[in-house]
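Scroll down for the structure; my scribbles are underneath it.
Protein chains: 2
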Amino acid sequence: MNYSKQRERVLNALAEKRNHPTADELYAYLKAQQCSMSPATVYRNLHQLADNGVVMRLSVPGGAERYDPVNDGHLHMICSECGGISDIPANAICDVVSQARKATGYNVNSCSIMFYGVCKDCES
Amino acid sequence: MNYSKQRERVLNALAEKRNHPTADELYAYLKAQQCSMSPATVYRNLHQLADNGVVMRLSVPGGAERYDPVNDGHLHMICSECGGISDIPANAICDVVSQARKATGYNVNSCSIMFYGVCKDCES
DNA sequence: CAAAAAAATGATATCAATTATCGTTTTTTT
DNA sequence: AAAAAAACGATAATTGATATCATTTTTTTG
Numbered sequence: 001m002n003y004s005k006q007r008e009r010v011l012n013a014l015a016e017k018r019n020h021p022t023a024d025e026l027y028a029y030l031k032a033q034q035c036s037m038s039p040a041t042v043y044r045n046l047h048q049l050a051d052n053g054v055v056m057r058l059s060v061p062g063g064a065e066r067y068d069p070v071n072d073g074h075l076h077m078i079c080s081e082c083g084g085i086s087d088i089p090a091n092a093i094c095d096v097v098s099q100a101r102k103a104t105g106y107n108v109n110s111c112s113i114m115f116y117g118v119c120k121d122c123e124s
Numbered sequence: 001m002n003y004s005k006q007r008e009r010v011l012n013a014l015a016e017k018r019n020h021p022t023a024d025e026l027y028a029y030l031k032a033q034q035c036s037m038s039p040a041t042v043y044r045n046l047h048q049l050a051d052n053g054v055v056m057r058l059s060v061p062g063g064a065e066r067y068d069p070v071n072d073g074h075l076h077m078i079c080s081e082c083g084g085i086s087d088i089p090a091n092a093i094c095d096v097v098s099q100a101r102k103a104t105g106y107n108v109n110s111c112s113i114m115f116y117g118v119c120k121d122c123e124s
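Just so you know, the protein sequences line up as chains F and X, in that order. Residue numbering for the first sequence follows the working numbering, starting at 1 and increasing by one per position. Residue numbering for the second sequence follows the working numbering, starting at 1 and increasing by one per position.
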């Protein structure tokens, strides 16, 4: 994967913003910083960066997709009220729910775990 | 929560289809079964059923939201090629990734875990 | 039971996030 | 330097989902 000027800027902007921003939020942020570029370019680059495992894509129910500059398999906690997302250290693998509560102080009420891989039918 | 005729039909249709369908797919399915109703009604009912914990809502990256008729906290595995979703028994809490591989035969390459709860700021 | 209140529906307009298109520009390869 | 490949920008189009609102159904209650 090449690193164009725009791709660098998208990646930098994502690293600067610590809010797990949406593509649209990043687009606005770049625009405000005189790094204006086409919305399509922001979407395209985030997509590619995620496909190549550089960044992490977060699917939030009822909202736009969000991005995390760090792709180290760490966990996320989302507030049902404000939509804010907090990070949880990756070592909380066992007893996940109570670990998540400890790590963030949230009152956990549900949890969604999704794995991604290639199924038998598609493996060929 | 009341159970209107339409809500019953949506729930039945969801239970019949074992594919974790999207709202739109359910709408088409109902239409084909002479149980035609407004798309808005299908969306509304799925939303309410999920909010009340009767069904489970699955956010899939880059796709429409999907629904699972069973809300028992079990895990899901999605194929990066065809988008198909398989179920994983809920007892695979520790060593989640290798358990997921065993349960489904998929070659797991990533995993997203999201918790939902109310943060300190919104707790009042 | 009948009237009033509440909830749900249907049809459709609208919104918002994302992708597609395509001609142009930039970057990489040879 | 020429050719090929990749990326960009602007904008149109798509699509999943929600909002609106008049009508219908269901529930409550006097």
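Built from N, CA and C at the ideal position, the CB exists for glycine as well.
Going by beta-carbon coordinates alone, are residue i and residue j separated by less than 8 Å?
i, j, result
"L30 (chain F)", "V42 (chain F)", "yes"
"M77 (chain F)", "G53 (chain X)", "no"
"L49 (chain F)", "L11 (chain F)", "yes"
"T22 (chain X)", "R66 (chain X)", "yes"
"V55 (chain F)", "P39 (chain F)", "no"
"D72 (chain X)", "C82 (chain F)", "no"
Just tell me which of the options has its CA closest to the CA of residue i.
i, options, result
"C79 (chain F)", "F:L14, F:P61, F:P69 and F:G73", "F:P61"
"C111 (chain F)", "F:L26, F:Q99 and F:C122", "F:Q99"
"H20 (chain X)", "X:I113, X:C122 and X:G84", "X:G84"
"S86 (chain F)", "X:A13, X:F115 and X:E25", "X:F115"
"Y106 (chain F)", "X:C119, X:A13 and X:C35", "X:C119"
"M1 (chain F)", "F:A13, F:Y27, F:D51 and F:C35", "F:D51"
Counting only beta-carbon atoms, is residue i nearer than 8 Å to chain X?
i, result
"L58 (chain F)", "yes"
"P61 (chain F)", "yes"
"N2 (chain F)", "no"
"Y27 (chain F)", "no"
"D121 (chain F)", "yes"
"A100 (chain F)", "yes"
How would you label residue i, buried or exposed, when you count the other beta carbons within 10 angstroms and need 16 or more for buried?
i, result
"P89 (chain X)", "exposed"
"R18 (chain F)", "exposed"
"V96 (chain F)", "buried"
"N64 (chain X)", "Residue 64 (chain X) is actually Ala in this sequence, not Asn. When all chains shown are included, A64 (chain X) counts as exposed."
"A15 (chain X)", "exposed"
"Y3 (chain F)", "exposed"
"A32 (chain X)", "exposed"
Could you tell me whether the Cβ of residue i comes closer than 8 Å to any Cβ of chain F?
i, result
"H20 (chain X)", "no"
"N45 (chain X)", "no"
"S110 (chain X)", "yes"
"M8 (chain X)", "One point to set straight first is that residue 8 (chain X) is Glu, not Met, in the sequence displayed. No, its Cβ sits nowhere closer than 8 Å to a Cβ of chain F."
"Y116 (chain X)", "yes"
"Y127 (chain X)", "The structure shown does not extend to residue 127 (chain X), since chain X is modelled only from 1 through 124, so no value can be given for it."
"N12 (chain X)", "no"
"N107 (chain X)", "yes"
"L75 (chain X)", "yes"
"E16 (chain X)", "no"
| At least three beta-carbon pairs within less than 8 Å, the segment 3-19 of chain X to the segment 34-48 of chain X | yes
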